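Engineer: Under the working numbering, the first residue of the sequence shown carries the number 613, and numbering increases by one thereafter. Every residue, glycine too, gets a C-beta built ideally from N, C-alpha and C. Predicted model, so just to flag it, every value in this text is computed and none were measured.
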Amino acid sequence: MSPRLVRAGTDAVGRTETPLTITVDGEPLDGVAGQTIAGVLLASGRRSWREGPSGAPRGVFCGIGVCFDCLVTVNGARDVRACRRRAADGDTVTTQSRAEGEER
Ligand code: FES
613 MSPRLVRAGT DAVGRTETPL TITVDGEPLD GVAGQTIAGV LLASGRRSWR
663 EGPSGAPRGV FCGIGVCFDC LVTVNGARDV RACRRRAADG DTVTTQSRAE
713 GEER
């Protein structure tokens with residue numbers, strides 16, 4: 613299964629999802645209403661967006677809110693689990709690193 617985003621206008625099934633746009637580290641990313649922030653990131657081709665204490669890349673590991681590997685800052689709130697937070701149109705997402713304890 614591919615995580616890529618099939619835009620509703622080009623989907624042969626004729627979906628009617630509501631499009632949305634979030635900004636991740638200043639880059640606008642398209643998604644659809646109901647997607648999690650992790651879903652939008654994965655659909656954009658990103659597999660990791662932060663680093664663990666060892667510097668190893670982190671993104672979605674469990675996908676159900678247990679591992680905390682997917683943490684991001686959303687609209688100024690740190691340590692939001694991207695796999696549990698539904699994306700909202702206009703959300704501003706900033707990646708963060710556990711190794712540094714600061715946003716990139
Ligand atoms: S991927 Fe495990 S908490 Fe988000």
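1. Is leucine 654 helix, strand or coil when you go by DSSP?
2. From the DSSP output, read off the bridge partner residues of aspartate 623.
3. Between which two residues does the beta strand (DSSP E) containing arginine 697 stretch?
4. Excluding sequence positions up to five away, which residues of its chain have a Cβ less than 8 Å from the Cβ of arginine 616?
5. Between the Cα of threonine 648 and the Cα atoms of Thr704, Val705, Asp703, Ala694, which residue gives the shortest distance?
Structural biologist: Quick look at the numbers:
1. As a position in the sequence shown, residue 654 is number 42, starting the count at 1. In the three-state DSSP reduction, leucine 654 falls in the helix class (H, G or I).
2. As a position in the sequence shown, residue 623 is number 11, starting the count at 1. Under DSSP, no beta-bridge partner is assigned to aspartate 623.
3. Residue numbering aside, residue 697 sits at position 85 when the sequence shown is read from its first letter. Here arginine 697 belongs to no beta strand (DSSP E), and DSSP marks it neither H nor E.
4. Here residue 616 is taken as the residue at index 4 of the sequence shown, counted from 1. So the list reads Ala655, Gly657, once near-sequence residues are dropped.
5. Indexing the sequence shown from 1 puts residue 648 at position 36. Comparing Cα-Cα distances from threonine 648 to each of Thr704, Val705, Asp703, Ala694, the minimum goes to Ala694.
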